[in-house]
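Per my numbering, residue 34 is the first one in the sequence shown, and the count goes up by one each step.
For glycine and all other residues, C-beta sits at the position ideal for the given N, C-alpha and C.
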Amino acid sequence: MSTVITPPPQILVPVLGSDAAFPVGRIFCVGRNYAAHAREMGHDPDREPPFFFAKWADAVVPTGSTIPYPAATRDLHHEIELVVAIGAGGTDIAAERALGHVWGYGVGLDMTRRDLQAEAKKLARPWTMAKSFDQSAPLSALRPAAEIGHPSAGAIWLKINGETRQSGDLADQIWPVPEIIAHLSRLVALRPGDLIMTGTPDGVGPVRPGDRLEGHVDGVGDLAVTYR
Ligand code: MN
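Pasting the structure below:
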């Protein structure tokens with residue numbers, strides 16, 4: 034059937050060392066998945082099951098980009114995260130089988146308009162406009178689990194202008210990747226092409242025009258973007 038407008042473009046993420054790309058469907062994000070970050074945001078990490086929010090697929094912006102400081106905020110924050118790329122869909126996926134649904138991994142930034150999020154929390158409104166906005170998901174090239182395995186420990190860090198701002202370890206995730214997939218697949222049917230941003234360690238903070246952000250996850254990769 035013909036379409037009444039030009040269809041939106043398929044968002045593609047490069048695969049490291051390959052001509053092929055990973056097509057992005059949806060982006061799910063886990064909130065407060067490292068105890069020290071939950072505490073810095075004023076929450077008790079021991080008492081909360083995982084919760085999820087989302088970003089539009091077209092929030093993805095590739096590593097190497099120069100990104101305009103976003104509209105409608107005076108407090109843009111960085112959150113460095115391990116990103117899971119789903120290769121096989123499913124519902125009610127058991128944690129023991131969850132890694133079989135993972136195609137690969139990347140390094141992402143869950144950029145956040147923290148002032149809008151604080152207002153949303155105060156007024157019990159949705160986080161959507163705080164989390165899902167243009168170019169709010171800088172993302173490295175992806176790497177297949179067939180090459181790198183399934184990282185469950187290792188350094189995750191973010192530097193601004195060469196200075197370390199976030200430094201954590203994947204082993205400190207409250208909900209590791211298999212449990213994230215188990216929980217999320219009870220809420221929605223996961224599909225090939227879905228990305229999951231798995232939460233950020235402590236040290237989140239503001240980004241200013243001119244800042245260069247460099248992020249890293251051991252065994253997964255690196256990303257770098259600059260704000261103007
Ligand atoms: Mn986050």
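| query | result |
| --- | --- |
| Closer than 8 Å: Asp-143 CB and nearest the ligand MN heavy atom | yes |
| Inter-stretch contact (C-beta, 8 Å, three-pair minimum) for the segment 180-197 and the segment 97-109 | no |
| Ala-87, enclosing beta strand (DSSP E) - first and last residue | 84-88 |
| Status (buried if at least 16 other CB within 10 Å, exposed otherwise) for Gln-150 | buried |
| Nearest-angstrom Cα separation, counted from Gly-75 out to Lys-88 | 23 Å |
| Distance cut-off 8 Å: Thr-233 Cβ against heavy atoms of the ligand MN | yes |
| Three-state class that DSSP yields for Glu-80 in the structure shown | Here residue 80 turns out to be Arg, not Glu, going by the sequence shown. Three-state result, Arg-80: coil. |
| Selected residue, minimal CA-CA separation from Gly-58, among Ala-121, Asp-52, Ala-178, Val-210 | Ala-121 |
| Per-residue burial, Thr-96 [other beta carbons within 10 Å of its own, 16 or more giving buried] | buried |
| Beta-carbon spacing of His-134, Val-240 below 9 Å | no |
| Beta-carbon gap between Leu-203 and Pro-83 smaller than 9 Å | no |
| N-terminal and C-terminal residue of the alpha helix (DSSP H) that Val-210 is part of | 210-220 |
| N- and C-terminal bounds of the alpha helix (DSSP H) containing Met-162 | 161-164 |
| Thr-124 versus Pro-42: straight-line alpha-carbon distance, rounded | 27 Å |
| Sheet register partners of Met-230 (DSSP bridge) | Cys-62, Val-116 |
| Element boundaries [alpha helix (DSSP H), containing Gln-150] | 147-156 |
| Proximity winner among Arg-261, Val-63, Thr-106, Asp-79, relative to Phe-86 (alpha-carbon distances) | Val-63 |
| For Ile-44, three-class secondary structure by DSSP | coil |
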